[in-house]
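**Student:** This is the structure, below, for whatever I ask next.
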Amino acid sequence: MKKILLTGGGTAGHVTPNIALMPLLKERDFTISYVGSYDGIEKKLIEETGTKYFGISSGKLRRYFDVKNFTDPFRVIKGYSEAKKLMKEEKPDVVFSKGGFVTVPVVMAAHKYKIPVVLHESDMTPGLANRICNPYATKVCCNFPETFEHLPKDKGVLTGQPIRSELFEGDKAKCLAFTGLSGNKPILLVTGGSLGSVAVNKAVRSILPALLKKYDIIHLCGKNNLDNSLSSIPGYVQYEYIKDELKDMFAASDIIISRAGANTICELLALRKPNILIPLPASQSRGDQLLNAASFERQGFSKVLDEEKLTDELLLDAVNEVYDKKEEYRKTMSSSTQTNAVASIVSLIEELI
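Laid out in structure tokens, this is it:
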């Protein structure tokens, strides 16, 4: 049996790609264990899969003043000590890291014991944790060809994003039964990510009457973002959050409006879903969504709208344009080489051991 140690945490986006790799890793006779923080979101998500989980101390490297900046370095040092102990006890053949600050001591400990490390960077430019880890990595997988410019020479591998296999098993009929939509109109799915987006919600709702003339709408608006005044409008359904039914909603959708988080847009690419991206502005982020969206637009996978310049007319025109050109978008997406990331990454892992 080959042994692999997976790590990643802090957000669901640093965990779900690891989970996506698990079925094929098991099929290839890997024994899997996972390292995350003591009580981060990754602990719950991984324990639900039945995977052996180890918690270590974790700190956060902040770019702003916080009193925790004085104590977190000691947590990182403690985490490194715990990670070294795990390496000696578990003796993994390889480590796969998806990012997040908990991975820094794990990657450094693996490097100390000469264990091959594969990193995955979702965004076009590496986040701070992965920038620290890159020198210790054997290979760095990525979603964008532009990312190679930010990686150590000869380490980059263009694989795309590991996508959960169940997303490909959606059923349009199940979606229609769940939502109560008739299926007589094209379906527009709107999502602002797991927490929703006030700006996207407002933009879509401001042109709802015009949209509903042509489309049925499924709106994933985020926690506490339901608008009860719209709950009885025919052809419009809204939910705070969807988990198990998401695959069916993807299957039923003809066009999607979304933020530009790396996980989400790579899922849209893999599922060949024509889309409009409204990335989070630089004023609210480090600018990674803007870069992700720009790359997808250059490659012909998406149409991008600037939130700060968004008008009702622009959004409505964009929806109609992408719907009218949906077959062109699907054809371009089908030509992408980044749509079987799970197999590519697992094969790379096997080569390294």
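Using the working numbering, read the sequence shown as starting at 266 and increasing by one per residue.
Every residue, glycine too, gets a C-beta built ideally from N, C-alpha and C.
Quick one: any contact between the region 554-562 and the region 445-458, if contact means 3 or more CB pairs under 8 Å?
**Tutor:** Not touching, per the Cβ criterion.
**Student:** Taking DSSP as the reference, what is the three-state secondary structure of TYR401?
**Tutor:** Three-state DSSP puts TYR401 in a helix.
**Student:** Residues in its own chain within less than 8 Å of LYS590 by CB, not counting five upstream and five downstream?
**Tutor:** Counting only Cβ-Cβ distances below 8 Å, and skipping sequence neighbours, we find PRO539.
**Student:** Identify the continuous beta strand (DSSP E) that holds HIS484 and give its terminal residues.
**Tutor:** Its beta strand (DSSP E) spans residues 481-485.
**Student:** Look up VAL369 in the DSSP assignment and say whether it is helix, strand or coil.
**Tutor:** VAL369: helix per DSSP, three-state reduction.
**Student:** Whose C-beta lies closer than 8 Å to the C-beta of THR276 among residues of the same chain, with five residues either side of it excluded?
**Tutor:** If we look at THR276 and ignore the five residues flanking it on each side, its Cβ neighbours are ILE306 and GLY365.
**Student:** Who pairs with GLU386 in a beta bridge, going by DSSP?
**Tutor:** DSSP output for GLU386 lists CYS407 as bridge partner(s).
**Student:** I need the boundaries of the beta strand (DSSP E) containing VAL280, first residue and last residue.
**Tutor:** Counting along the chain, VAL280 falls outside any beta strand (DSSP E), and DSSP gives it neither H nor E.
**Student:** In chain order, which alpha helix (DSSP H) runs of at least 4 residues are fully inside the region 443-528?
**Tutor:** Segments of the alpha helix (DSSP H) lying fully in the region 443-528: 463-471, 473-477 and 511-517.
**Student:** Which of the three DSSP states is assigned to LYS309 in this structure?
**Tutor:** Three-state DSSP puts LYS309 in a helix.
**Student:** Below 8 Å between beta carbons: does that hold for VAL607 and LEU271?
**Tutor:** It is not a contact, given that the beta carbons lie outside the stated cut-off.
**Student:** When every heavy atom of the ligand FAD is checked, does at least one fall within less than 7 Å of the C-beta of ARG524?
**Tutor:** Annotation note on the ligand FAD: not contained in the displayed structure, which lists no ligands.
**Student:** DSSP has VAL422 in a bridge; who is on the other side?
**Tutor:** VAL422 is bridged to CYS406.
**Student:** Do ILE482 and GLY500 have their C-beta atoms within less than 8 Å of each other?
**Tutor:** Yes, the pair counts as a contact, with Cβ atoms nearer than the cut-off.
**Student:** Which value, in whole angstroms, describes the spacing of the CA atoms of HIS376 and ILE543?
**Tutor:** Cα to Cα, HIS376 sits roughly 39 Å from ILE543.
**Student:** From the DSSP output, in three-state form, read off ASN540 for me.
**Tutor:** DSSP places ASN540 in strand when its eight states are reduced to three.
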